Amino acid sequence: MRISAWTIAGSIALAGWVISPVQAQIPGLPNVNIPTPNPLKQSSEDAVISECVRLDGRCLFEIAAPTSQFPQRMQEIEQRLQDISQTYFKNESAELEFRQELDQQSNLPEIYVSLLDEQDNRFKEVRLMSVTDQDADLTGVPIETRADEIIEQLEQQLPQAKQERQPDVLTDRVGVAVGTGVAMIVASLLIYRWERRLKRSKQLLEPSGSNAEPISTQLTQNQQRNVKEVLHRLLQLTQGVIWVGGSLLILSLFPYTRPLQVLILASFRIPVRVGIVGLGTYVIIRLSYALTDRFSSAIARNHLLTPESAQRSQLRVSTVSGVTKNIITLSFSAIGLLVALAAIGIDIGPLLAGAGIIGLGLSLASQNLIKDAINGFFILLEDQYAVGDVITVGDVGGFVEMINLRITQLRDAEGRLITVPNSEVRIVANLSSNWSRADLNIPVTYQADVDKALDLVRQVAHEMLMTQMWRERILDEPDILGVDNFGDRGFIIRVWIKTQPLKQWEVAREFRRRLKAAFDEAGILLSVPQQALWFNNTLPMQSLSNGHSNGHSHHDVQPEYAEME
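Printed below as a string of structure tokens:
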């Protein structure tokens, strides 16, 4: 299953539609602007900020004022607007008229609202607000033009707000809310069904715990798992967007609940931004994993490589792929953290400068870490060893389970996990690079026929090579080097058998078993630890005569020795 560009783009766009902090013109959703202070002048104490004047949660117009004066001015304007609107909404026949008048003292235009009741012929005029130079700076127009713009917005929004309170409009909105709820449930069930099917297909790709499959197949499965994981997270995001977005849409349908919608958006603005950045970082990392596995799998399936180099390439590809994923995770996590800080309004410039200074200090204090990373890089570049090799480093050795730019972890024969810093890897013996060798020293007793023993060793080696099971593990005709040494127990016959990597121990064990059975059948003994004891009973003549004179019988005893095994 592949992720289409439309799925990703649609999910991200839908998420942005819900949490966008700017005005968005979307059918069925009111024009919502989360109140965010907007600095217009960078002064120390009296920075000018701006914010929307709202009615029923809808932004009517923006005002600006110094920080110290802004709360009082906003409260006065909203209170007067609330009084005017309540009177206007209760009287169905009432009409509103707006005008601006220049104040003689402040020389600022003032906006007045006239409430006219045609039935009772009553007239009421209320001063709403003064338009200041800071208000005009918001749109960059003259102050009188800005007053006209505010009047025009009031003339449009107040009648619309009154119309929304009519019973027939509210009834229609209730129908829209019910339809939206039903659509949310249906869409959620469909996505849930898709998600369960995706989860079942993902479980089929889980590793079985055995490494019998080729590395190219494992990398392909990893790629598919990463892609499905991305799709799984996007479906979860879509589920959340459906319920959160649908709930906010329902709240926006009614003038009585619309302020709650604005409050929710304002309260969760920062968490949602951080969550979107975190999810985006996670998706990018997972897609990078998939691309890395795809590229690594293509290299592992290179048909131009010889069988031996192909197997070695697979081990190296697996190792480099794991290290690359670690670097990708670290890099994108750091970038995501910086983007999240920038998204919540923190200036990351000083942080980057400070991080550079801290990094310089850490580099001086952590020279061993730098040495580890540099040496680890050259270990991977020169293919000194990879995950799956058996190596010996200094006094320790074992199976390489994990390697990154800093450490190498080995598992020895007793099951102990040994961690070696890469800077300590100076001389390394790789027992499984490209091919391995079984080095056999066969001790044969001196009483055996040496030529017969050599012929029997050749026969056993040939028979083992002709067996299908062991032919796959043995790469070449075994080398019978001959009598390599004379020991205190017998002569040593040395045999070399070239095998597949890590198969030398299996081949050696089987060869010894077959050779022991063949030697037993031919009557050839393997030398065993033994000790020779010499007895010398030749005594001086005086001792013999003394013994005879004492009445003890004496028999001539010849020198002899006895072998004790």
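Residues 303 to 867 (the numbering used here) are what the sequence shown spells out, left to right.
Think of the CB as a built atom: it goes at the ideal place given N, C-alpha and C, for glycine as much as any other residue.
Please read these numbers as outputs of a predicted model, since none were measured by experiment.
Cβ neighbour criterion (16 or more within 10 Å) applied to residue i
| i | result |
| --- | --- |
| D405 | exposed |
| A636 | exposed |
| Q802 | buried |
| N670 | exposed |
| F813 | buried |
| T583 | buried |
| D358 | buried |
| L555 | buried |
| Q520 | buried |
| Q436 | buried |
| G477 | exposed |
| F821 | buried |
| F793 | buried |
| G789 | exposed |
| L553 | buried |
| T473 | exposed |
| R499 | exposed |
| Q381 | exposed |
| Q402 | buried |
| K627 | buried |
C-alpha gap between residue i and residue j, whole angstroms
| i | j | result |
| --- | --- | --- |
| I336 | L440 | Its pLDDT being 42, under 50, I336 is placed unreliably in this model, and the value from its coordinates should be taken loosely. Between I336 and L440, the C-alpha separation is close to 17 Å. |
| E412 | A367 | 16 Å |
| R773 | A763 | 11 Å |
| E457 | Q371 | 27 Å |
| I445 | T434 | 7 Å |
| D470 | E394 | 14 Å |
| A675 | E531 | 31 Å |
| Q468 | E397 | 16 Å |
| L460 | I351 | 25 Å |
| M768 | D781 | 15 Å |
| G243 | F597 | There is simply no residue 243 to check, as the chain begins at 303 and stops at 867 in what is shown. |
| Q455 | R356 | 12 Å |
| T338 | L654 | Any reading at T338 must be qualified, since the residue scores a pLDDT of 44, below 50, and its modelled position is unreliable; no value is offered. |
| I707 | P723 | The sequence shown places Leu at residue 707, rather than the Ile named in the question. Cα to Cα, L707 sits roughly 9 Å from P723. |
| G548 | A479 | 9 Å |
| D714 | E684 | 24 Å |
| K464 | E451 | 20 Å |
| G647 | T369 | 18 Å |
| S408 | S432 | 9 Å |
| W807 | L640 | 52 Å |
| L777 | Q749 | 34 Å |
For residue i, the first and last residue of its enclosing alpha helix (DSSP H)
| i | result |
| --- | --- |
| D385 | 372-392 |
| Q436 | 435-441 |
| E788 | Here the sequence assigns Phe to residue 788, which means Glu is not the residue at that position. Premise fails: F788 lies in the beta strand (DSSP E), 781-788, not in any alpha helix (DSSP H). |
| N670 | 669-683 |
| Q455 | 445-466 |
| L817 | 806-824 |
Cβ separation of residue i and residue j, assumed to be a contact under 8 Å, to the nearest whole Å
| i | j | result |
| --- | --- | --- |
| L410 | I379 | L410 to I379, Cβ: 14 Å. No contact. |
| L539 | V625 | Rounded, the Cβ-Cβ distance is 30 Å, inconsistent with contact. |
| N677 | D595 | About 26 Å; that fails the 8 Å criterion. |
| V576 | A642 | 5 Å |
| Q563 | S490 | Not confirmed; about 20 Å, so no contact. |
| A824 | L742 | Their Cβ separation, rounded to whole angstroms, is 18 Å, which puts A824 and L742 out of contact at 8 Å. |
| L362 | I386 | L362 to I386, Cβ: 12 Å. No contact. |
Where the beta strand (DSSP E) containing residue i begins and where it ends
| i | result |
| --- | --- |
| S738 | 738-746 |
| E399 | 396-404 |
| A366 | 360-368 |
| V564 | That residue, V564, is in no beta strand (DSSP E); its alpha helix (DSSP H) goes 560-569. |
| E703 | 698-705 |
| A731 | 730-732 |
| V695 | 692-695 |
| R356 | 350-357 |
| Q761 | Run containing Q761: none in the beta strand (DSSP E); it sits in the alpha helix (DSSP H), 752-768. |
| Q711 | 709-713 |
| L719 | 719-723 |
| F793 | 793-801 |
Residue i vs residue j beta-carbon contact at 7 Å
| i | j | result |
| --- | --- | --- |
| S623 | K673 | no |
| I453 | F391 | no |
| L551 | T482 | yes |
| S620 | V702 | no |
| V692 | A740 | no |
| K805 | W737 | no |
| V695 | V746 | no |
| I705 | L712 | no |
| E427 | P557 | no |
| R796 | S829 | no |
| F634 | I586 | yes |
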